[in-house]
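A short worksheet on the structure shown next.
Chains as they are written, first to last, in this note's numbering: chain A, 1 to 328; chain B, 1 to 328.
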């Protein structure tokens, strides 16, 4: 199967009609019509085999995840997804792999009415880059900057599940006795969070004009919150006891491991955001209506840096830094 | 050096102010303001070490070429370049490599007032994906479709030089006696075409509303012209004797080799386009004013397929197909 057949297989599986796509896959570039009065939010992210996902990850999961990590970036800006470009590098022209990859990609794309408008398939070590484009009303975009001392710090969903899922695969930290005793599906719930993350797109849009700053948790809470603090010239305090943990995480891991996962595990793709105290109740209710849980985990402070306090109020030594490629 | 330092090194070297970049590198996504009344032309292309460029290619050349191949796609649509996203995957956090890469990228970006607005650096086998965005007035975009029987077929610049440059590196087909006798710089001229291709951006814009169809020659003339013919439901005849060849190519390679390079060599990044006969003289003059040579190489015909005729008018057996990844 040649490159053009692969592209056709992807095109057929991801077909989705949008009036603003004037020319999609099949020419030298796509031709797109951005809506007036909006900014275009654009981002690119790469997943490399053995670095961002384990060897042997199912192609459907890869297709989903390659798009999900990018949609999460749009969510963090409050943007509405619209279009994507896909650069797929794979060792051989494996038609079944490409079809399954495209199916996983399309499954998530359809949920957000996102059109794949172009791409490139090349030979090489397995790696996927996706560039996404979304719209956000000109003055309503969320950014990392803008948090102010006194703002409350909130996070959607639960933290640490994806890192826990990876630990299950590696059989690290997981309590063997707990694994045997756990209800069926416990381990699978964590693996689903690793392989099929849910970008918080609707939540991000609901936070427009409400959150003072927002970032998605891709590299770990401490690392990403650190970026948010740096961008705003502020600091943050986290109450470790309030970190939202899933029942699966609570079942399979002891306290140290799960706190470490929640603070420093990557691949959560939840939104961490700051909000003025008087708006916290309303935003919690708004997100709940979208089916998105949200938890207050701390506050923004004037002093720079991110500190974590234990249940006794004492500062915890931070666990390992968040996930950083090229970390020494 | 961590990921964030690498990104900062790239940001510093590629800094270019554009009023339509409302938020550039450093948040979850860039925020961009497309101009009213225009379509956005978007494309992504990947270069993989050992597949699209030889191991040992200078980082500056890689930075240039990774952008050039994408700008060439915009040129083929008649679009004006504006913004790019860069996904850079490299085996180790080599600061000097990244700086040199960014310098090469920035050199070409500045020539087109293009802003790098976002990116991702990851660890893995050396590979670069660039997504580019440009603008084209809504009704003026060039596409592959639209060629009509009777149109003339033209190509910018010269063909086959990049493939000849690669052959020089591999010491294939090149005449050793000619290499010794050639004026200094002959081989280097071919290598420059391989490593520093010139995207025909100004020519593409000049062809808006003039060319009936246009494609860039990235995979080889026969392959790319085949796409143009398929898109238009037409065929083409090429007169081999008219193929534009550089003096370097003529000096170092015999007739068979250079015809093969010109017809099937990849990486030319010239524009191949069709135009109604009565407009050919004007377009040739227009492109000449831009410093862009253009040559009539054949015509569009009704019968599908691409045929090549020798100087005696007889049909030549086609050389190997154009460059196709995953070709068996």
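Built from N, CA and C at the ideal position, the CB exists for glycine as well.
Subject >> Any chain B beta carbon closer than 7 Å to residue 258 of chain A >> reply: Taking the first residue of the first chain as position 1, residue 258 of chain A is located at position 258. So, not an interface residue.
Original post:
By how many angstroms is the C-alpha of residue 17 of chain A removed from the C-alpha of residue 11 of chain A?
Top reply: Here residue 11 of chain A corresponds to residue number 11 of the first chain, with the count starting at 1. Here residue 17 of chain A corresponds to residue number 17 of the first chain, with the count starting at 1. Take the alpha-carbon of residue 11 of chain A and the one of residue 17 of chain A: they are about 12 Å apart.
Original post:
Can the beta-carbon of residue 235 of chain A be found closer than 7 Å to that of residue 213 of chain A?
Top reply: On the first chain, position 235 is the one that residue 235 of chain A refers to. On the first chain, position 213 is the one that residue 213 of chain A refers to. No, Cβ-Cβ distance for residue 235 of chain A and residue 213 of chain A is not below 7 Å.
**OP:** State the DSSP-derived secondary structure class of residue 172 of chain B, mapped to helix, strand or coil.
**Re:** Counting from 1 along the second chain, the entry for residue 172 of chain B is found at position 172. In the structure shown, residue 172 of chain B sits in coil (DSSP, three-state: anything other than H, G, I, E or B).
Original post:
Do you know how far the Cα of residue 246 of chain A is from the Cα of residue 70 of chain B?
Top reply: Taking the second chain and counting its residues from 1, one reaches residue 70 of chain B at position 70. Taking the first chain and counting its residues from 1, one reaches residue 246 of chain A at position 246. C-alpha separation (whole angstroms): 44 Å.
**OP:** For residue 266 of chain B, decide whether its Cβ has a neighbour in chain A, counting only Cβ atoms nearer than 7 Å.
**Re:** As a position in the second chain, residue 266 of chain B is number 266, starting the count at 1. No, because no Cβ of chain A sits closer than 7 Å to the Cβ of residue 266 of chain B.
Original post:
In three-state terms, what does DSSP make of residue 114 of chain B?
Top reply: For the purposes of this step, residue 114 of chain B is taken as residue 114 along the second chain, with counting starting at 1. DSSP, reduced to helix, strand and coil, places residue 114 of chain B outside both helices and strands of the structure shown, so it counts as coil.
**OP:** Using three-state DSSP, classify residue 274 of chain A as helix, strand or coil.
**Re:** In the first chain, counting from the first residue as 1, residue 274 of chain A sits at position 274. Three-state result, residue 274 of chain A: strand.
Subject >> Distance, residue 167 of chain B Cα to residue 177 of chain B Cα >> reply: As a position in the second chain, residue 177 of chain B is number 177, starting the count at 1. As a position in the second chain, residue 167 of chain B is number 167, starting the count at 1. The alpha-carbon atoms of residue 177 of chain B and residue 167 of chain B are separated by roughly 15 Å.
Original post:
Comparing the C-beta of residue 213 of chain B with each C-beta of chain A, is any distance below 7 Å?
Top reply: The residue you call residue 213 of chain B lines up with position 213 of the second chain. Interface flag for residue 213 of chain B against chain A is unset, since no Cβ pair is found closer than 7 Å.
**OP:** Starting from the C-beta of residue 134 of chain B, find all residues in its chain whose C-beta is less than 7 Å away, skip the five residues before and the five after it, and write them out in chain order.
**Re:** Along the second chain, read from residue 1 onward, the residue named residue 134 of chain B stands at position 134. If we look at residue 134 of chain B and ignore the five residues flanking it on each side, its Cβ neighbours are 41, 74, 79, 80, 81, 82.
**OP:** Assign residue 106 of chain B to buried or exposed, taking buried as 16 or more other Cβ atoms, counted over all protein chains shown, within 10 Å of its Cβ.
**Re:** Numbered from 1 along the second chain, position 106 holds the residue referred to as residue 106 of chain B. Counting Cβ neighbours within 10 Å, residue 106 of chain B comes out buried, since at least 16 surround it.
Original post:
At least one CB of chain A closer than 7 Å to the CB of residue 125 of chain B: is that the case?
Top reply: Within the second chain, residue 125 of chain B is the residue found at index 125, counting from 1. Closer than 7 Å: yes.
Subject >> C-beta atoms of residue 21 of chain A and residue 130 of chain A nearer than 7 Å >> reply: Here residue 21 of chain A is taken as the residue at index 21 of the first chain, counted from 1. Here residue 130 of chain A is taken as the residue at index 130 of the first chain, counted from 1. No, the pair does not count as a contact, with Cβ atoms beyond the cut-off.
**OP:** Run the CB neighbour count on residue 113 of chain B, radius 10 Å, all protein chains shown included, and call it buried at 16 or more, exposed below.
**Re:** By 1-based counting over the second chain, the position of residue 113 of chain B is 113. Exposed, by the Cβ-count rule.
**OP:** Sort out for me which residues DSSP pairs residue 215 of chain B with in a bridge.
**Re:** Position 215 of the second chain, counted from the start, is the residue given in the question as residue 215 of chain B. B/272, per the DSSP bridge assignment.
Original post:
Hey, residue 300 of chain A and residue 148 of chain A are a contact pair by Cβ (cut 8 Å); roughly how many whole angstroms apart?
Top reply: Translated into positions along the first chain, residue 300 of chain A becomes position 300. Translated into positions along the first chain, residue 148 of chain A becomes position 148. Right, the Cβ-Cβ distance comes to about 6 Å (below 8 Å), so this counts as a contact.
Original post:
Counting along the chain, where does the beta strand (DSSP E) carrying residue 293 of chain A start and finish?
Top reply: Position 293 of the first chain holds residue 293 of chain A. Here residue 293 of chain A belongs to no beta strand (DSSP E), and DSSP marks it neither H nor E.
Original post:
Which chain B residues sit within Cβ distance under 8 Å of residue 44 of chain A?
Top reply: Within the first chain, residue 44 of chain A is the residue found at index 44, counting from 1. Going along chain B in sequence order, the residues near residue 44 of chain A (Cβ under 8 Å) are 85, 86, 87, 118, 119, 120, 129, 131.
Original post:
Within the chosen definition, does the stretch 265-272 of chain A reach the stretch 149-165 of chain A through at least 3 CB pairs nearer than 8 Å?
Top reply: By the criterion of at least three beta-carbon pairs nearer than 8 Å, the stretch 265-272 of chain A is in contact with the stretch 149-165 of chain A.
Subject >> Whole-angstrom C-beta distance between residue 120 of chain A and residue 216 of chain B, which should lie under 8 Å >> reply: Residue numbering aside, residue 216 of chain B sits at position 216 when the second chain is read from its first letter. Residue numbering aside, residue 120 of chain A sits at position 120 when the first chain is read from its first letter. With a Cβ gap of about 13 Å, residue 216 of chain B and residue 120 of chain A do not count as contacting.
**OP:** On the DSSP bridge assignment, give the partners of residue 89 of chain A in chain order.
**Re:** Here residue 89 of chain A corresponds to residue number 89 of the first chain, with the count starting at 1. Answer is A/122, A/127, bridged to residue 89 of chain A.
**OP:** Please name the residues in the stretch 17-35 of chain B whose beta-carbon is closer than 7 Å to at least one beta-carbon of chain A, in chain order.
**Re:** Residues 22, 23, 27, 28, 29, 30, 31, 32, 33, 34.
**OP:** List the residues of chain A that residue 73 of chain B touches, going by C-beta distances under 7 Å, in chain order.
**Re:** Stepping through the second chain from its first residue, residue 73 of chain B is reached at position 73. What residue 73 of chain B touches in chain A: 28, 29.
Subject >> Identity of the residue in A/127, A/86, A/68, A/56 nearest residue 47 of chain A by Cα >> reply: Position 47 of the first chain, counted from the first residue, corresponds to residue 47 of chain A. Comparing Cα-Cα distances from residue 47 of chain A to each of A/127, A/86, A/68, A/56, the minimum goes to A/127.
Original post:
Which residue comes first and which comes last in the alpha helix (DSSP H) that contains residue 38 of chain A?
Top reply: The residue given as residue 38 of chain A occupies position 38 in the first chain. Unbroken run through residue 38 of chain A is the beta strand (DSSP E), 38-48; no alpha helix (DSSP H).
Original post:
Is the distance from the Cβ of residue 30 of chain B to the Cβ of residue 24 of chain B below 7 Å?
Top reply: Here residue 30 of chain B refers to the residue found at position 30 when the second chain is read from its first residue. Here residue 24 of chain B refers to the residue found at position 24 when the second chain is read from its first residue. Cβ atoms of residue 30 of chain B and residue 24 of chain B: closer than 7 Å.
Subject >> Closest Cα partner of residue 263 of chain B within the set B/150, B/281, B/244 >> reply: In the second chain, residue 263 of chain B corresponds to position 263, counting from 1. Distance check between residue 263 of chain B and each of B/150, B/281, B/244 places B/244 closest, using alpha-carbon atoms only.
Subject >> Closest Cα partner of residue 206 of chain B within the set B/310, B/280, B/225 >> reply: Numbered from its first residue, the second chain carries residue 206 of chain B at position 206. It is B/280.
**OP:** Quick one: which residues of the stretch 89-102 of chain B get their C-beta closer than 8 Å to a C-beta of chain A? List them in chain order.
**Re:** Hits within the stretch, in order: 89, 92, 93.
Subject >> Chain-ordered chain A contacts of residue 144 of chain B [CB-CB under 9 Å] >> reply: In the second chain, the residue the question calls residue 144 of chain B occupies position 144. Chain A residues near residue 144 of chain B: 26, 27, 28.
Original post:
By how many angstroms is the C-alpha of residue 165 of chain A removed from the C-alpha of residue 194 of chain A?
Top reply: By one-based count along the first chain, residue 194 of chain A stands at place 194. By one-based count along the first chain, residue 165 of chain A stands at place 165. For residue 194 of chain A and residue 165 of chain A, the distance between alpha carbons rounds to 6 Å.
**OP:** Taking C-beta pairs closer than 9 Å, name the residues in chain A that residue 203 of chain B reaches, listed in chain order.
**Re:** Working through the second chain from its first residue, we reach residue 203 of chain B at position 203. Per Cβ cutoff of 9 Å: no residues; residue 203 of chain B is ~14 Å from chain A at best.
Original post:
Under 7 Å between C-beta atoms, does residue 350 of chain B make it to chain A?
Top reply: No information on residue 350 of chain B is available, as it lies outside the stretch 1 to 328 that chain B covers here.
Subject >> Residue range of the beta strand (DSSP E) that includes residue 23 of chain A >> reply: If you number the first chain from 1, residue 23 of chain A lands on position 23. Start and end: 21-23.
Subject >> CA nearest to the CA of residue 241 of chain A, picked from A/249, A/185, A/255, A/209 >> reply: What you label residue 241 of chain A is simply residue 241 of the first chain in a count that begins at 1. The shortest C-alpha separation from residue 241 of chain A is found at A/255.
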